[in-house]
Amino acid sequence: MVNKKDAIEIILYAEENGIAIWLDGGWGVDALLEEETRLHNDIDLFVEENNSKKFIEIIKEKGFAEVTEAYTTTNHTIWKDAQDRIIDFHIFKFNEQGYIVFEGEAYPPKVFSGIGKIGDKMVRCIDAENQVLFHLGYEHDENDMHDVKLLCEKFNIPVPSEYK
Numbered sequence: 001m002v003n004k005k006d007a008i009e010i011i012l013y014a015e016e017n018g019i020a021i022w023l024d025g026g027w028g029v030d031a032l033l034e035e036e037t038r039l040h041n042d043i044d045l046f047v048e049e050n051n052s053k054k055f056i057e058i059i060k061e062k063g064f065a066e067v068t069e070a071y072t073t074t075n076h077t078i079w080k081d082a083q084d085r086i087i088d089f090h091i092f093k094f095n096e097q098g099y100i101v102f103e104g105e106a107y108p109p110k111v112f113s114g115i116g117k118i119g120d121k122m123v124r125c126i127d128a129e130n131q132v133l134f135h136l137g138y139e140h141d142e143n144d145m146h147d148v149k150l151l152c153e154k155f156n157i158p159v160p161s162e163y164k
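Here the sequence shown stands for residues 1 to 164, numbered as in UniProt numbering.
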């Protein structure tokens, strides 16, 4: 599990070393909502490719080791420490037009325009509309239902049909 204190600690690993990160997933949602609304088994982070090796070195020094899952790829890895804190790590790059390129797909820069808070810590994250869009097209669980419902309520986003 990754609680609020853990999330802030992991975010600071990057920030204190000059590495920009953007939150996705459950902590990205709760940051946008500016409150912890549920338990989190991990923290999803996006880091630009040119900072990825440095960030991996830092988390290794902090006791995290890579864990292979069925869905991991070169640019989507999972890191876990002895306290069972999990970092779901996404490596992307910006193309010449400023688009975010992740696993062969290009996304508009607006995707990273979200600003939220975890406790008193301001963080960058995926914006609310794209958080909802990224929750589509797969079999969702109760956490997905919870996150989408709260995002749609707070940001006046129409609830997608697959969540009704």
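For every residue, glycine included, the Cβ atom is placed at its ideal position computed from N, Cα and C. Quick caveat: nothing in here was measured; it's all calculated off a predicted structure.
*Among residues of its own chain, excluding the 5 on either side of Phe64, which ones have a beta-carbon nearer than 7 Å to its beta-carbon?*
In the sequence shown, the residue the question calls residue 64 occupies position 64. Within the same chain, Phe64 has close Cβ partners Trp79, Lys80, Asp81 and Ile87.
_Residue from Val101, Glu16, Thr37 and Leu23 with nearest C-alpha to Asn143_ = Translated into positions along the sequence shown, residue 143 becomes position 143. It is Thr37.
_For chain C, check one thing: does any of its Cβ atoms lie closer than 9 Å to the Cβ of Ile87?_
Although the question refers to chain C, the structure presented lacks it and comprises just one protein chain.
*So what does DSSP say about Phe155, is it helix, strand or coil?*
The residue given as residue 155 occupies position 155 in the sequence shown. Of the three classes helix, strand and coil, the one that applies to Phe155 here is helix, per DSSP.
*Return yes when the Cβ of Glu103 is within less than 9 Å of the Cβ of Asn75, no when it is not.*
The residue labelled residue 75 in the question sits at position 75 within the sequence shown. The residue labelled residue 103 in the question sits at position 103 within the sequence shown. Cβ distance < 9 Å, so Asn75 and Glu103 count as in contact.
_Whole-number beta carbon distance between Trp22 and Phe55, since they are thought to touch under 8 Å_ = The residue labelled residue 55 in the question sits at position 55 within the sequence shown. The residue labelled residue 22 in the question sits at position 22 within the sequence shown. Not really, about 13 Å apart at Cβ, beyond 8 Å.
*Are Ile43 and Ile11 touching if we call contact CB-CB under 9 Å?*
To locate residue 43, count along the sequence shown from 1; it is residue 43. To locate residue 11, count along the sequence shown from 1; it is residue 11. Contact: yes.
*Express the C-alpha separation of Glu96 and Phe148 in angstroms, rounding to a whole number.*
Sequence index remark: in the sequence shown, residue 148 carries index 148 (1-based). Sequence index remark: in the sequence shown, residue 96 carries index 96 (1-based). The residue asked about is misnamed: residue 148 is Val in this sequence, not Phe. Going from the Cα of Val148 to the Cα of Glu96 covers about 32 Å.
*From the DSSP output, in three-state form, read off Lys80 for me.*
Along the sequence shown, read from residue 1 onward, the residue named residue 80 stands at position 80. Here Lys80 sits in strand by DSSP.
*What do you get for Asp24, buried or exposed, if any count of 16 or more other CB atoms within 10 angstroms of its CB means buried?*
Stepping through the sequence shown from its first residue, residue 24 is reached at position 24. Flag for Asp24 reads buried.
*Phe89 to Lys164 span [Cα, whole Å]*: As a working note, residue 89 is residue 89 in the sequence shown. As a working note, residue 164 is residue 164 in the sequence shown. One C-alpha to the other measures close to 30 Å.
*Name the two residues that bound the continuous beta strand (DSSP E) containing Phe46.*
Here residue 46 refers to the residue found at position 46 when the sequence shown is read from its first residue. Its beta strand (DSSP E) spans residues Ile43 to Glu48.
*Cβ atoms of Ile126 and Asp30: under 9 Å apart, would you say?*
Sequence index remark: in the sequence shown, residue 30 carries index 30 (1-based). Sequence index remark: in the sequence shown, residue 126 carries index 126 (1-based). No.
_Same chain only: Cβ atoms within 8 Å of Phe134, ignoring 5 sequence neighbours per side_ = Locating residue 134 in the sequence shown gives position 134, where the first residue counts as 1. For Phe134, where only same-chain residues beyond five positions count, the Cβ hits under 8 Å are Asp24 and Ile126.
_Residues bridged to Lys121 (per DSSP)_ = Position 121 of the sequence shown holds residue 121. In DSSP, Lys121 forms a bridge with Ile118.
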